[in-house]
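Every position in the sequence shown, counted from 1, becomes a number in this note's numbering once 74 is added.
No residue lacks a Cβ here, since even glycine has one placed at the ideal position from N, Cα and C.
As the structure is a prediction and not an experimental result, all values here were calculated from the model.
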Amino acid sequence: MLEELLPPAVLVVEAFQDGNASPLFPEEEAVVARAVERRRLEFTTVRSCARQALARLGAPAGAILPGEKGAPIWPPGVVGSMTHCAGYRGSAVARAAEVVTVGIDAEENAPLPRGVLPLVSLPEERAQLERLALSRPDVCWDRLLFSMKESVYKAWFPLTGRWLGFEEATVSAEATTNTFSARLLVPGPMIDGREVTGFQGRWLARDGLVLTAIATPATGPLPEPRGRTNAATFSHGLDDVTGAGGAANPR
């Protein structure tokens with residue numbers, strides 16, 4: 075699913091259930107030593123996905139530990155992102171020489187909990203939801219909006235090492251092209267002497283999930299993604315918004 079949203083330079087591995095993952099490295103085991111079983115399983119499976127993707131990239135196997143604010147620490151010369159939700163785990167990696175940053179997110183295609191939308195969106199973002207729902211009533215657009223902003227944050231953080239609040243970027247989506255754009259409302263990072271003012275991404279809703287992805291190429295325009303987009307953290311984390319999760323969980 076996710077590879078349909080990303081260019082060929084980005085390698086993707088996904089899993090839709092736990093139980094067949096490769097064992098954790100001892101350093102990783104220490105991270106989740108006191109975690110509940112659900113957390114251990116998702117942590118293990120998403121890292122198994124990441125290691126498979128890294129192997130396809132030619133990178134050596136090793137521990138993928140959470141760094142600052144939970145961001146995964148990738149091998150030198152590699153950029154990547156991980157995500158997990160109920161029934162889905164996925165990882166995307168690329169060579170830093172080809173792709174500057176990657177951000178992916180997966181969520182259940184279900185409405186956000188009551189009262190959350192105003193906390194994670196701007197008025198102009200909420201204004202587009204009714205129009206989008208008329209075009210694609212099968213998509214929970216509030217949840218997709220949240221997912222888009224999660225992918226923006228995951229693409230932003232490796233470039234800056236700084237938090238990006240929900241109010242510090244605005245996103246707009248297109249229902250017919252399965253694309254979205256993000257405009258930064260704060261100064262962006264500099265890449266090759268140019269300031270990053272936003273990100274371009276793609277989204278997909280299928281099989282009870284919504285997925286979003288951003289990949290910024292090192293040079294030139296973003297290549298067309300593989301496949302076809304059908305109609306369909308480290309991160310802020312929905313639990314953190316609702317107050318159910320405490321500090322952001324390391325991915």
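Determine whether the beta carbon atoms of L128 and D92 lie at a separation below 7 angstroms.
Numbered from 1 along the sequence shown, position 54 holds the residue referred to as residue 128. Numbered from 1 along the sequence shown, position 18 holds the residue referred to as residue 92. Taking 7 angstroms as the Cβ cut-off, L128 and D92 do not qualify as a contacting pair.
* To do: Report the residue from P261, E182 and V245 whose alpha carbon sits nearest the alpha carbon of F273.
  => Stepping through the sequence shown from its first residue, residue 273 is reached at position 199. Nearest of P261, E182 and V245 to F273, Cα basis: V245.
#### Entry: Option nearest G141 by Cα separation, candidates S155, I288, P81 and A243
In the sequence shown, residue 141 corresponds to position 67, counting from 1. Closest by alpha carbon: S155.
Q) Using a Cβ-Cβ cut-off of 6 angstroms (strictly less than) and excluding sequence neighbours within five positions of L233, which residues of its own chain qualify? A) For the purposes of this step, residue 233 is taken as the residue at position 159 of the sequence shown. So the qualifying residues of the chain are T175 and P263.
Do A160 and I178 have their C-beta atoms closer together than 7 angstroms? Position 86 of the sequence shown, counted from the start, is the residue given in the question as residue 160. Position 104 of the sequence shown, counted from the start, is the residue given in the question as residue 178. Not in contact: A160 and I178 (Cβ atoms no closer than 7 angstroms).
Original post:
Are A256 and V284 closer than 7 angstroms when you measure CB to CB?
Top reply: To locate residue 256, count along the sequence shown from 1; it is residue 182. To locate residue 284, count along the sequence shown from 1; it is residue 210. The answer is no: Cβ separation not under 7 angstroms.
What residue does the beta strand (DSSP E) around F273 start on, and which one ends it?
As a first step, residue 273 must be located in the sequence shown, where it is residue number 199. Segment G272 to R280, the beta strand (DSSP E) holding F273.
Residue range of the beta strand (DSSP E) that includes S155: Here residue 155 is taken as the residue at index 81 of the sequence shown, counted from 1. Counting along the chain, the beta strand (DSSP E) containing S155 begins and ends at V152 to C159.
May I ask which residues mark the beginning and end of the alpha helix (DSSP H) holding L98?
-> The residue labelled residue 98 in the question sits at position 24 within the sequence shown. Premise fails: L98 is in no alpha helix (DSSP H) and is neither H nor E.
TODO: May I ask you to report which of helix, strand or coil DSSP gives L283?
DONE: The count along the sequence shown starts at 1 and reaches residue 283 at position 209. In this structure, L283 counts as strand in the three-state DSSP scheme.
Span of the beta strand (DSSP E), counted from its first residue to its last, around A180
The sequence position of residue 180 within the sequence shown is 106, counting from 1. From DSSP, the beta strand (DSSP E) with A180 extends over V173 to E182.
- Residues near T290 in its chain [Cβ-Cβ closer than 6 angstroms; skip 5 each side]: As a first step, residue 290 is located in the sequence shown; it is residue number 216 there, counting from the start. Taken in chain order, the residues that qualify are V174 and T175.
Is it buried or exposed, L80, if we count other Cβ atoms within 10 angstroms and call 16 or more buried?
The residue you call residue 80 lines up with position 6 of the sequence shown. Answer is buried; the Cβ neighbour count reaches 16.
**Prompt:** Using the rule of at least 16 other Cβ atoms within 10 Å of the residue's Cβ for burial, across every protein chain shown, is S413 buried or exposed?
**Reply:** This structure cannot settle anything about residue 413, because the visible part of the chain is limited to 75 through 325.
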